Amino acid sequence: MAKTNTSKIRILLFLSLLLPVLGLIVAPAYAQDNNDSGITLDVAVGFDSIYKGEYWLPVEVTAANTGPAVEGYVEINVPRGAGSAPSTFRSPISLPTQSNKRVTLYIKLDNGASNIDLALRQNDGTLVADVNSGTLSRITDSSHLLYAVVSPDAAEFTFLERIPGSRSNASVAFLTLEDLPETAVAWNALDVLIFNDADTSQLTSEQRTAMEVWLHNGGQLIVTGGANWQKTAVALSDLLPVTIDGSRSVEDLPGLRERIGIPFRDPGPYVVATSSLRSGELIFRQDDLPLLARQSIGRGSVYFLALDPRLAPLLDWDGSEAIWAAIASRVPLGNSWSSGPQNVYAATEAVSSLPSLTLPSILQ
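Using my numbering, you'd call the opening residue of the sequence shown number 104 and step up by one each time.
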């Protein structure tokens, strides 16, 4: 990784810990009835509606306007318990006639909410439209493992719920590239991210930087190969433990089959991305051909799996779980800073002690 990128990531590692302190939390607005405004709102909370209460989570808001122009803001009120006013998170939004906009808010749901309400208001507080998130799934066990899968056939990865590694349980969130946050602190609830047959060149620079911060904080990234390895791996080649030079069909992979001790369900040929180890270690291999390679990045890891999990020999093979268990068993436990500062005063003082540091706008 280039020195300039490393320096940028070090700064963002620090900023990712402080973002919750700088979050835009304001007094709640007045509630008003909805009206027929020509506005359509859609809201996606957390990761596939899954969240961990101790972590900040992204809320993606999509707004379409077929009516009069709206200049205002979207807001979410989060209850804080009996006797306390709710925290309100806001983001400005401009909706000209015949427009579509997408904005992201970052919130915390410490109260274990099963759903949230989002409102669109004019700048004077007038309610324009509102929407409910639908049912959310809260992970309450701090040792619960959360996988995120970006794949056109994400349902093929539901078996990962049975592979918690050293954790107590596991859940799987099915995402698109657009669902991945552009702010590093919002990644902290994720433990493992899998890119399978996904065009990773479409990641924005902000998403890419946030992902690298997440890796340094302990995130685990798996990039898969197979016939479509270029689509998935080329844009991430600088992070991979291997140098990929192509793909080929092989009739058998005895190095993998015999190592795990379970016969393949489906006969070959199998398409394998061919590569050589650049840095790190080989976990599974066929002679000198890496099948699963890993290298460390900060507290995290990047894996390259040379096969496509949706195809033979891995698809519906009883031995596949052993491959994923080898990854899950290496996921580090979270630390006290991974969910952001818990002492607001101390964190604010830490920011004020850096007069030469210009902080980015939260709403950018």
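Idealized CB from N, CA, C, for every residue including glycine.
Small disclaimer: the values here were computed from a predicted structure and weren't measured.
If you check the CB distance, Ala376 and Gly322 do not come in under 8 Å.
DSSP places Gly175 in the uninterrupted beta strand (DSSP E) bounded by Val173 to Val181. In this structure, Ser340 is the residue among Arg413, Ser340 and Tyr158 with its C-alpha nearest to the C-alpha of Ser378.
Spatial neighbours of Ala289 in its own chain (CB-CB distance under 7 Å, excluding positions within 5 residues in sequence) are listed in chain order as Trp159, Leu160, Pro161 and Tyr209. The distance from the Cβ of Asp282 to that of Leu248 is about 19 Å, inconsistent with a contact at the 8 Å cut-off.
Looking at the DSSP output, Phe298 shares a beta bridge with Val253 and Val326. Inter-residue distance for Pro435 and Phe277 is about 22 Å (C-alpha atoms, whole angstroms). Taking a cut-off of 8 Å for Cβ pairs, the stretch 181-191 and the stretch 136-151 do not touch, as fewer than three such pairs fall below it. Contact check between the stretch 341-358 and the stretch 394-406: three or more CB pairs, one atom from each, fall below 8 Å, which counts as touching. Excluding residues up to 5 positions away in sequence, Leu263 and Ile266 lie with their Cβ nearer than 7 Å to the Cβ of Trp427 in the same chain. By the neighbour-count criterion, in which 16 or more other beta carbons inside 10 Å mark a residue as buried, Asp151 falls on the buried side. Contact fails between the stretch 184-194 and the stretch 226-245, because fewer than three Cβ pairs, one in each stretch, are under 8 Å apart. For a cut-off of 8 Å, the C-beta gap from Tyr373 to Leu356 is around 6 Å, short enough to register as a contact.
The beta carbon of Asn218 sits closer than 8 Å to the beta carbons of Asn235, Ser236, Gly237, Thr238 and Leu239 from its chain, once the five residues preceding and following it are set aside; these are given in chain order. The continuous beta strand (DSSP E) containing Leu208 extends over residues Ser202 to Ile210. For Thr335 against Val326, the beta-carbon gap comes to about 6 Å, under 8 Å, which counts as contact. Runs of the alpha helix (DSSP H) lying entirely within the stretch 261-298, each at least 4 residues long, are absent. In the three-state reduction of the DSSP assignment, Ile426 falls in the helix class, which pools H, G and I. Rounded to the nearest angstrom, the gap between the Cα atoms of Gly156 and Lys211 is 7 Å. Judged by DSSP secondary structure, Leu318 falls within the alpha helix (DSSP H) whose first and last residues are Ser308 to His319.
Runs of the beta strand (DSSP E) lying entirely within the stretch 372-405 and spanning at least 3 residues, in chain order: 373-380, 384-389 and 392-400.
Ala338 sits in a helix when the DSSP states are folded into three classes. Taking the CA atoms as reference points, Thr169 sits about 6 Å from Thr200.
Linking Gly175 to Glu285 through their CA atoms gives a straight-line distance of about 23 Å. For Thr207, the CB contacts under 6 Å within the same chain, skipping 5 residues up- and downstream, are Pro161 and Glu163 in chain order. Counting only residues of its own chain and dropping the five nearest sequence neighbours on each side, Asp300 has a CB closer than 8 Å to the CB of Ser254, Pro255, Asp256, Thr327, Gly329, Asn331, Lys334, Thr335, Asp411 and Arg413. Excluding residues up to 5 positions away in sequence, Thr303 and Ser304 lie with their Cβ nearer than 6 Å to the Cβ of Ala338 in the same chain.
About 5 Å separates the beta carbon of Ala251 from that of Leu296, a gap short enough to meet the 8 Å contact definition. Ile363: member of the alpha helix (DSSP H) spanning Pro357 to Ile363, first to last residue. Relative to Thr261, the option among Leu418, Ser432 and Val405 whose CA is nearest is Leu418. Across the structure, Pro171 and Asp145 are spaced so that their CA atoms are roughly 19 Å apart.
In this structure, Gly371 is the residue among Arg362, Gly371 and Phe367 with its C-alpha nearest to the C-alpha of Arg351. Collapsing the DSSP output to three states places Thr165 in a strand.
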